[in-house]
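Participant: In the order they appear, the protein sequences are chains Z and A.
Mapping of the first sequence onto numbering that gives the first Met the number 0: residues 0 to 473, in sequence order.
Mapping of the second sequence onto numbering that gives the first Met the number 0: residues 0 to 473, in sequence order.
Beta carbons are placed, not taken as given, at the ideal position from N, Cα and C, and that holds for glycine.
Protein chains: 2
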Amino acid sequence: MSVPAVPDAILDRIKAIVGPGGYLEEAVDLAPYVCELRGRFHGRTPLLARPKSAEDVAAIVTICAENRIPIVPQGGNTGLMGGAIPHEDGAELLLSLARLNQVRAVDPANDTLTVEAGCVLADVQAVAAAADRLFPLSLAAEGSCQIGGNISTNAGGINVLRYGNARELVLGLEVVLPDGRLWDGLRELRKDNTGYDLKQLFIGGEGTLGVITAAVLRLFPRPRDVQTAFVAVGDVAAACDLLAGLRRRSGGRVDAFELISAATLELVLRHIPGCIDPLAGQHPWYVLAALSTSAEGETLRPALEDTLARAHDSGGIRDAVIAESMAQARDLWRLRESIPEAERYDGASIKHDVAVPISRIVEFMSRAEAAVRTELPGVRPVAFGHLGDGNIHFNLGLPPGLAVEAFRAREERLNRIVHDIAAELDGSISAEHGLGRIKRKSIRRYKPAVEIELMRRVKRALDPDGIMNPGKLI
Amino acid sequence: MSVPAVPDAILDRIKAIVGPGGYLEEAVDLAPYVCELRGRFHGRTPLLARPKSAEDVAAIVTICAENRIPIVPQGGNTGLMGGAIPHEDGAELLLSLARLNQVRAVDPANDTLTVEAGCVLADVQAVAAAADRLFPLSLAAEGSCQIGGNISTNAGGINVLRYGNARELVLGLEVVLPDGRLWDGLRELRKDNTGYDLKQLFIGGEGTLGVITAAVLRLFPRPRDVQTAFVAVGDVAAACDLLAGLRRRSGGRVDAFELISAATLELVLRHIPGCIDPLAGQHPWYVLAALSTSAEGETLRPALEDTLARAHDSGGIRDAVIAESMAQARDLWRLRESIPEAERYDGASIKHDVAVPISRIVEFMSRAEAAVRTELPGVRPVAFGHLGDGNIHFNLGLPPGLAVEAFRAREERLNRIVHDIAAELDGSISAEHGLGRIKRKSIRRYKPAVEIELMRRVKRALDPDGIMNPGKLI
Chain Z
0 MSVPAVPDAI
10 LDRIKAIVGP
20 GGYLEEAVDL
30 APYVCELRGR
40 FHGRTPLLAR
50 PKSAEDVAAI
60 VTICAENRIP
70 IVPQGGNTGL
80 MGGAIPHEDG
90 AELLLSLARL
100 NQVRAVDPAN
110 DTLTVEAGCV
120 LADVQAVAAA
130 ADRLFPLSLA
140 AEGSCQIGGN
150 ISTNAGGINV
160 LRYGNARELV
170 LGLEVVLPDG
180 RLWDGLRELR
190 KDNTGYDLKQ
200 LFIGGEGTLG
210 VITAAVLRLF
220 PRPRDVQTAF
230 VAVGDVAAAC
240 DLLAGLRRRS
250 GGRVDAFELI
260 SAATLELVLR
270 HIPGCIDPLA
280 GQHPWYVLAA
290 LSTSAEGETL
300 RPALEDTLAR
310 AHDSGGIRDA
320 VIAESMAQAR
330 DLWRLRESIP
340 EAERYDGASI
350 KHDVAVPISR
360 IVEFMSRAEA
370 AVRTELPGVR
380 PVAFGHLGDG
390 NIHFNLGLPP
400 GLAVEAFRAR
410 EERLNRIVHD
420 IAAELDGSIS
430 AEHGLGRIKR
440 KSIRRYKPAV
450 EIELMRRVKR
460 ALDPDGIMNP
470 GKLI
Chain A
0 MSVPAVPDAI
10 LDRIKAIVGP
20 GGYLEEAVDL
30 APYVCELRGR
40 FHGRTPLLAR
50 PKSAEDVAAI
60 VTICAENRIP
70 IVPQGGNTGL
80 MGGAIPHEDG
90 AELLLSLARL
100 NQVRAVDPAN
110 DTLTVEAGCV
120 LADVQAVAAA
130 ADRLFPLSLA
140 AEGSCQIGGN
150 ISTNAGGINV
160 LRYGNARELV
170 LGLEVVLPDG
180 RLWDGLRELR
190 KDNTGYDLKQ
200 LFIGGEGTLG
210 VITAAVLRLF
220 PRPRDVQTAF
230 VAVGDVAAAC
240 DLLAGLRRRS
250 GGRVDAFELI
260 SAATLELVLR
270 HIPGCIDPLA
280 GQHPWYVLAA
290 LSTSAEGETL
300 RPALEDTLAR
310 AHDSGGIRDA
320 VIAESMAQAR
330 DLWRLRESIP
340 EAERYDGASI
350 KHDVAVPISR
360 IVEFMSRAEA
370 AVRTELPGVR
380 PVAFGHLGDG
390 NIHFNLGLPP
400 GLAVEAFRAR
410 EERLNRIVHD
420 IAAELDGSIS
430 AEHGLGRIKR
440 KSIRRYKPAV
450 EIELMRRVKR
460 ALDPDGIMNP
470 GKLI
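The following block contains the structure:
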């Protein structure tokens, strides 16, 4: 397919807006921005623009809109679905938000923080902590992902159980619309019933409806006591029971409840130096649980100990260790956070990011495991994830002896099997990773046709010329 | 203006769908459904259809769509903005959801409840309680308002501080679209990143984009210990400090924090039989605070007592009483819940439902009070509301000696004054009541033009013929 290149005169206008140092155009400089973490996509772009202000973003988008130049917004480029990577045709402008990285306002009395899209998530967390508050969004890429990307993809992570997804943490947005106009929706309110809640379209919209340039974020009381445990259980049902018990005993103050299969833990212990199994013996499943309270002078240690003791006495759990220090807690979390890295060392894997109602997770796990083993004997399920949200990364490792190409040839079929089971259990085929390029088409199998059509109508209503991140999500 | 009446043949087709007992058409029967609580609007309709299933709703909407008959969806008709009342021209079908009142599913393990739109809020609360769970939405009209209306207006109420608005309590929706198609979006998931979150448009959409027929609601652990206090403070700043102290000491477990001015309490004591002031002496402001925990074997009584004692010692509060029984707690709540009734007995009032960032509420109160007194000497501010959400019902009572008509003649000007101050402080002119007919036009003064245009585009995209609740919200 022949695609018109972006005319030099237009590129020059964009360069004039951002000024020297505000753009990259040499292939060697562009390389890290046009392929994603797992090397799935290698896109091309004539120019990566790095504006420093929302006004400059608006000016760039205006030029692109007038000339029908497609735009791919990009944050920290840590997404897994190819949503921030330009297409291979080289006809799209790549728009980095990285230099929009100012904290615009901190309002502890209102429990809000106003930040620009390019702020790195870990920096946002640090600004909140400095104000004696918590910004609870936390995920593996937090050291490099940017808040604008987190919001555009409605990021999940480890604290959704208690604090919700990125969507629940946003009170207001500033967005450059596909025609280049700037919409100031930076509300700082808990209540505002004055029409359609437009920000919800841009949250999780994967940059297909506009470019988020700033956001008002909700803050929470900073935890004063955090209790962390690593627990061995016999099966997934026991893990679910433990979660229910912890929530009951702690009054819902379970921040994270992560499931790790024996095979997954084994991968981490094998590949990641310094990781050690804190429990003796072999167990089929493990749970990493974190509870916290922000109440003055309170600890959830007794709630955690009591619940674990009762579960142990009744045979609900096999063994458990509670972190005695922050260093020990960090070591336990390292077991969980190192999983993606261990998977990379281990070689080819096929990844899934499904969610089902928590009441159906036991059924999902047993059906999915049986189905993939039937389809591909020797396949190694690497199952872990956010059990408390019903969100399992049901990944599949290369069977011993199978060539990577032969494994990849089965990928579509294996995806279909896992996704069909999730869908039969009223689940989702993308719990937290989004659709991007990878799942844009496969979602059509699972969503009602009327819903796809409504999504198209929304896209056309906001971006009639289709210049915002085309070929992603919808 | 001459408006075409709905042809009898079409009315007959709709009657045939709902069958005998499924509609009302005599003026005397229609009367309670065509005017709202405060008697502001007296609409007309040829027919009130009361379908019993989503399929029947879809069939009715299909007929209306084919014939461009406008539809006004109605729940419990407790809204305050005229959003559920047909226009005076008699050309709109009134569509009651009252008979769609089935509980479709209760899933305590997933903490979800699936209910039809016509379920009364109090019944939804009761179903949750029977499953040992909490559905936290709670507001004065809960005995008659319906969950579909609550969702369509993104209802707020007294527990937003801890649990959020109706929006935050909805996981999935079933909606009949303006063309009569049924969209099944009844997801039961905490995480589902598969495209635009379309349900968000219908939540708070006031029936202008479709008819909500069912919803999946989030449930929470049922509180096992509830502590309720009534506190006298010297000023609004002291109330804000008390809120911060309670949140800090209890670890964020403040369910409700309601502000009541002295004049407001005086109205209640004067007009509502059996209400008595639980505190001695006169004080300028009062707070009703409720804390709760669902943790086994825990009480927040010490947290409440300590915080009050400390605030008293430092001069932050003047007096306080803690409920010693559920009956006492109910009596304290009655003081708060009787305010709207007391206002009705008291005569004409001009109501406001503003929100500002909590950090600006002291400034709002002092500026608004001074401004209305300057504009209309003798006016009696009746200020109360959800201080924890920054949401104040800054109502104005008739000045002694002024005729009601003269008061009403000042209404638009007084609205403008109060709303302008809220807007200057980055606030909202409708925190929880919506726009409906009453604020549909005045919002245009406060929202950016680009936002109004985006709302119009969304409306046109989903309801191109404009048959869903026309002349409301947008």
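(1) From the DSSP output, which residues share a beta bridge with phenylalanine 229 of chain A?
(2) Assign lysine 440 of chain Z to one of two classes, buried (16 or more other C-beta atoms within 10 Å of its C-beta) or exposed (fewer than that).
(3) Give me the Cβ distance between proline 177 of chain A and aspartate 464 of chain A, rounded to the nearest whole Å; I'm assuming they're in contact under 8 Å.
(4) Tell me where the alpha helix (DSSP H) around histidine 270 of chain Z begins and ends.
(5) Is there a Cβ from chain A that is less than 8 Å from the Cβ of leucine 331 of chain Z?
(6) Check the Cβ of phenylalanine 363 of chain A against every Cβ in chain D and list those closer than 9 Å, keeping chain order.
(7) For glutamine 226 of chain Z, does the count of other Cβ atoms within 10 angstroms reach 16, so buried, or fall short, so exposed?
(8) Are arginine 103 of chain Z and alanine 213 of chain Z close, meaning C-beta to C-beta below 8 Å?
(9) My guess is that serine 427 of chain Z and lysine 190 of chain A are in contact by the Cβ rule of under 8 Å, so how many angstroms apart are they, rounded?
(10) So proline 353 of chain Z and valine 175 of chain Z are supposed to be a Cβ contact under 8 Å. How far apart are they, rounded?
(11) Of all the options Z:Leu258, Z:Val230 and Z:Gly273, which has the alpha carbon lying nearest to the alpha carbon of alanine 279 of chain Z?
(12) What residue range is occupied by the uninterrupted beta strand (DSSP E) comprising asparagine 390 of chain Z?
(13) Count the other C-beta atoms from every protein chain shown that fall within 10 angstroms of the C-beta of leucine 36 of chain A, then say buried if there are 16 or more, exposed otherwise.
(14) Could you check if arginine 246 of chain Z is buried or exposed, using at least 16 other CB atoms within 10 Å of its CB as the buried criterion?
(15) Who are the Cβ neighbours of valine 5 of chain Z in its own chain at under 6 Å, not counting the five residues just before and after it?
(16) Whether or not the stretch 108-115 of chain A and the stretch 207-222 of chain A are in contact is what I'm after, with contact meaning three or more pairs of Cβ atoms, one per stretch, closer than 8 Å; do they touch?
(17) For the beta strand (DSSP E) that isoleucine 211 of chain A lies in, which residues bound it at each end?
(18) Quick one, which residues of the stretch 418-443 of chain Z are near chain A if we go by CB-CB under 8 Å, in chain order?
(19) Specify, as a first and last residue, the run of the alpha helix (DSSP H) that aspartate 55 of chain A falls within.
(20) For a minimum of 3 consecutive residues, which ranges assigned as the beta strand (DSSP E) are wholly contained in the stretch 238-262 of chain Z?
(21) Need the endpoints of the alpha helix (DSSP H) that aspartate 183 of chain A sits in, please.
(22) For glutamate 173 of chain Z, which of helix, strand or coil comes out of DSSP?
(23) Which residues in the same chain have their Cβ closer than 7 Å to the Cβ of arginine 409 of chain Z, if we skip the five residues on either side of it in sequence?
(24) Roughly how many whole angstroms lie between the Cα atoms of methionine 0 of chain Z and alanine 8 of chain A?
(25) Looking only at DSSP bridge pairs, what is phenylalanine 383 of chain Z linked to?
(26) Compare the C-alpha of leucine 334 of chain Z against each of Z:Val267, Z:Tyr445, Z:Ile70 and Z:Gly89 and name the closest.
(27) Using C-beta distances below 7 Å, list every residue in its chain close to isoleucine 474 of chain A, excluding the 5 sequence neighbours before and after it, in chain order.
(28) Note down, in chain order, every chain Z residue with its Cβ under 8 Å from the Cβ of tyrosine 219 of chain A.
(29) Name the residues in the stretch 187-202 of chain A whose C-beta lies less than 8 Å from a C-beta of chain Z; which are they?
(30) If distances are taken between C-alpha atoms only, which option among A:Ile16, A:Cys239 and A:Leu181 comes closest to isoleucine 360 of chain A?
(31) Starting from arginine 103 of chain Z, trace the beta strand (DSSP E) both ways and give me its first and last residue.
(32) What residues from chain A crowd round alanine 128 of chain Z, counting only those whose CB sits closer than 9 Å?
(33) Please say whether glycine 203 of chain A and alanine 140 of chain A have beta carbons closer to each other than 8 Å?
(34) Out of A:Gly155, A:Leu138 and A:Ala116, which one is the CA nearest neighbour of glutamine 145 of chain A?
(35) I'd like to know if methionine 454 of chain A contacts chain Z, where contact means its C-beta is closer than 8 Å to some C-beta of that chain.
Facilitator: Inspection of the coordinates gives the following:
(1) A:Leu287 and A:Val320
(2) exposed
(3) 7 Å
(4) 261-270
(5) no
(6) In the structure shown, chain D cannot be found, because the protein chains are Z and A.
(7) buried
(8) yes
(9) 7 Å
(10) Correcting the residue type first, residue 353 of chain Z is valine in the shown sequence and not proline. Wrong, their Cβ atoms sit about 33 Å apart, outside the cutoff.
(11) Z:Val230
(12) 390-396
(13) exposed
(14) buried
(15) Pro45 and Ile68
(16) yes
(17) 210-217
(18) Asp425, Gly426, Ser427, Ile428, Ser429, Ala430, Glu431, His432, Gly433, Leu434, Lys438 and Ile442
(19) 53-65
(20) 253-260
(21) From DSSP, aspartate 183 of chain A is part of no alpha helix (DSSP H) but of the beta strand (DSSP E) over 181-184.
(22) strand
(23) Leu375
(24) Residue placement at methionine 0 of chain Z is poorly supported in this model, since its pLDDT is 45, which falls under 50; the coordinates still yield a value, given next. Going by the C-alpha atoms only, they are around 55 Å apart.
(25) Z:Ile259 and Z:His392
(26) Z:Val267
(27) Outside the shown range of chain A (0 to 473) lies residue 474 of chain A, about which nothing can therefore be said.
(28) Note that residue 219 of chain A is phenylalanine in the sequence shown, not tyrosine. The contacting residues are Gly251.
(29) Glu187, Leu188, Arg189, Lys190, Asp191, Asn192, Thr193, Gly194, Tyr195, Asp196, Leu197, Gln199, Leu200 and Ile202
(30) A:Cys239
(31) 102-106
(32) Those within 9 Å of alanine 128 of chain Z in chain A number zero; the least Cβ separation is about 16 Å.
(33) no
(34) A:Ala116
(35) yes
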